[in-house]
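Worksheet for the structure shown next.
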Amino acid sequence: DVRRAAERHLTEASRSPGHPLLVLRIVASSDVADASVRQSAAVHFKNVVKKGWDESDDDDNDGPNRVVIAPADRDLIKSHLVELMCTVPPQIQAQCSEAISLIARVDFPQRWDNLLPELIGKFNSPDPAVVSGVLVTVNAILRRFRYVQRSDALYRDIIYT
1 DVRRAAERHL
11 TEASRSPGHP
21 LLVLRIVASS
31 DVADASVRQS
41 AAVHFKNVVK
51 KGWDESDDDD
61 NDGPNRVVIA
71 PADRDLIKSH
81 LVELMCTVPP
91 QIQAQCSEAI
101 SLIARVDFPQ
111 RWDNLLPELI
121 GKFNSPDPAV
131 VSGVLVTVNA
141 ILRRFRYVQR
151 SDALYRDIIY
161 T
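Just so we're aligned, residue 1 is where the sequence shown starts under the UniProt record's numbering, counting upward by one.
Quick look at the structure:
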């Protein structure tokens, strides 16, 4: 079956350094004529992030499907995500916002300190698509705080200095 072979190939490729960045390049590319290709790449990117971003997650951490995203790749991914969210169509934003939410749950605010300044800088854009992308991104990041009990740890995470 062609589909299963392709899925196996993607699973194997997802364990290679640089793979998430290549997939992100497809997601961001407006040169890809077929929107479903970009949408599929966005879904795959989200799944790679889900499997490989949180190294402390013990689910299948040592199994044959283990995905590890290299630290250098992580930094590059984070440096492109806000711009990506401001330029892709809403269908793709939905998948990317889930990936951002997963990344932010692990890295924000301690290991993603340039995120808020970047978002604030783009929020002043006259382009409504950019502002919409910023708002979708902020929603994805702050979603985890909605129903959290008030505590000192929460205030440390949400207070920006």
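Built from N, CA and C at the ideal position, the CB exists for glycine as well. Just so we're clear, the structure is a prediction, and the values are computed from it rather than from any experiment.
- Within 10 angstroms of the beta-carbon of GLY121 lie fewer than 16 other beta-carbons, which makes it exposed.
- In the same chain as VAL32, and ignoring 5 residues on each side of it, the C-beta atoms closer than 7 Å to its own belong to ILE26, ARG38, in chain order.
- In summary, HIS44 is buried, with 16 or more beta-carbon neighbours lying within 10 Å of its beta-carbon over all protein chains present.
- Within a 10 Å sphere around the beta-carbon of GLU12 sit fewer than 16 other beta-carbons, which makes this residue exposed.
- When the alpha-carbon of GLN91 is set against those of VAL67, GLY133, VAL48, ARG74, the nearest one is in GLY133.
- One thing to note: ALA99 has its Cβ within 9 Å of the Cβ of LYS46.
- For the 9 Å CB-CB criterion, VAL67 and ARG3 do not form a contact.
- Counting the other CB atoms within 10 Å of its CB gives PHE108 a total of 16 or more, which places it among the buried residues.
- Taking a C-beta distance under 9 Å as the contact criterion, LYS78 and LEU22 do not qualify as a contact pair.
- In its chain, beyond the 5 residues on either side, LYS46, VAL49, LYS50, TRP53, ASP54 have a beta carbon closer than 8 Å to the beta carbon of LEU102.
- Pairing ALA104 with ARG144 gives a Cβ-Cβ distance under 9 Å.
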